[in-house]
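Residue numbers (this note's numbering): 173 to 245.
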């Protein structure tokens with residue numbers, strides 16, 4: 173599953189056509205609930221709780237992609 177599919181499946185927000193450098197809050201429907209859902213999904217994927225700095229650093233699609241890649245290392 174690619175990053176935009178992960179984002180859509182876990183947050184319910186459609187990231188189709190969004191580039192890596194796009195901000196997470198760009199697509200319509202992004203809100204605090206979507207952010208919480210994303211954090212929970214990333215923690216489940218990685219098997220650990222995220223540090224505050226990691227959560228605070230989730231600004232773009234590329235930031236999510238990097239955490240997903242780090243979680244599979």
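All C-beta atoms, glycine included, are put in the ideal place defined by N, C-alpha and C.
For this session: Determine which residues share a DSSP beta bridge with residue 232 and list them.
Result: Its beta-bridge partners are 195.
Exercise. Looking at C-beta atoms only, is the number of pairs between the segment 229-240 and the segment 191-207 that lie closer than 8 Å three or more?
Worked result: By the Cβ test, the segment 229-240 is in contact with the segment 191-207, since at least three Cβ pairs between them sit closer than 8 Å.
For this session: Could you check how far apart the C-beta atoms of residue 210 and residue 176 are, in whole angstroms? I think they sit under 8 Å.
Result: The beta carbons of residue 210 and residue 176 sit about 12 Å from each other, so the pair does not count as a contact at 8 Å.
For this session: Look up residue 212 in the DSSP assignment and say whether it is helix, strand or coil.
Result: Secondary structure at residue 212: helix, using DSSP grouped into helix, strand and coil.
Exercise. CB-CB under 8 Å to residue 208, same chain, minus the five flanking residues each way: which ones, in chain order?
Worked result: Closer than 8 Å at Cβ, skipping near neighbours: no residue.
Problem set entry | Spatially closest choice to residue 185 from 216, 201 and 240, by CA coordinates | The shortest C-alpha to C-alpha distance from residue 185 to any of 216, 201 and 240 is the one to 201.
For this session: Could you pull out every residue in the same chain whose Cβ sits closer than 6 Å to the Cβ of residue 239, ignoring the five residues on either side in sequence?
Result: So the list reads 214, once near-sequence residues are dropped.
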